[in-house]
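Each remark here refers to the structure printed beneath this line.
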Amino acid sequence: FGIDTDLVYREITSSPSECLKALSEEFGTDILTPSGALDRRRLAEAVFMSEGAEERRLKLNEITHKYILDEVRKIISSLDAGYRGVIVDAPLLFESGFDRECDATVSVIADIELRIKRILLRDGVSEKEARRRIASQKSDEELKSLSDYIIVNNGNGDELRASVLRIAEEILNREG
């Protein structure tokens with residue numbers, strides 16, 4: 042079973058929630074759409090586009106990680122006992138502290154220029170913004186030292202899926 046924390050984040054910020062309330066108290070109600078959902082572009086502007094961005098990014102993570110991890114724990118506890126394991130896809134696994142609740146950790150890394158290209162295509166941001174995002178993340182060397190497994194994702198989606206499945210099977214066999 043797999044849980045994508047980006048999807049969990051979108052879910053808990055798509056309609057009025059405790060997470061949205063905490064975010065709007067910290068960053069202002071301008072980050073909300075007229076319907077009360079999160080306006081991601083406005084939140085990014087409020088957090089990253091002025092002086093003190095690093096402190097605001099840390100505050101954003103402090104607020105959102107709590108709600109995301111609570112929801113992930115609820116999902117895991119609601120699963121049937123028939124599952125052999127759960128894969129949690131969490132871009133900020135170590136920053137959130139959720140790695141301490143995992144039996145094994147896997148980090149996916151890629152060449153910087155390829156990561157920039159992927160961010161540009163996925164998020165429609167400037168190259169400068171893509172580089173800023175990458176600079177705010179743990180380096181590949183840090184991830185290698187923290188992770189039990191590393192996947193180098195310089196290929197396509199099929200290659201990534203094959204690597205994930207191979208490592209997941211290895212972890213499940215190791216864990217019994």
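When we follow the numbering used here, the leftmost residue of the sequence shown carries the number 42, and every step to the right adds one. Here a beta-carbon is modelled for each residue, glycine too, at the ideal position from N, C-alpha and C.
>> Suppose you measure from the CA of L61 to the CA of V129; what does that come to, to the nearest Å?
In response: 23 Å
> Is the number of C-beta pairs between the stretch 43-56 and the stretch 97-117 that are closer than 8 Å three or more?
Replying inline: yes
>> Between the alpha carbons of A209 and P75, how many angstroms are there, rounded?
In response: 42 Å
>> Could you tell me the alpha carbon to alpha carbon distance between I212 and A203, rounded to whole angstroms?
In response: 14 Å
>> Taking a contact to mean a Cβ-Cβ separation below 8 Å, would you say V149 touches N194 in this structure?
In response: yes
> Between R156 and N102, what straight-line distance do the alpha-carbon atoms span, to the nearest angstrom?
Replying inline: 21 Å
> How far does the alpha helix (DSSP H) with V88 in it reach, from first residue to last?
Replying inline: R81 to F89
> Quick one: what's D45 bridged to in DSSP?
Replying inline: D130
> What are the boundary residues of the alpha helix (DSSP H) that V113 is part of?
Replying inline: A94 to S119
> Using a beta-carbon distance below 8 Å, is S180 in contact with chain C?
Replying inline: Protein chains in the displayed structure number just one, and chain C is not present.
>> For K179, which residues in the same chain have their Cβ closer than 8 Å to its Cβ, ignoring the five residues on either side in sequence?
In response: F135, E136 and L187
> So what does DSSP say about V166, is it helix, strand or coil?
Replying inline: coil
>> Spatial neighbours of R83 within its chain, please: C-beta separation below 7 Å, excluding the five flanking residues on both sides.
In response: D71 and I72
> Where do the ends of the alpha helix (DSSP H) carrying S186 lie?
Replying inline: D181 to L187
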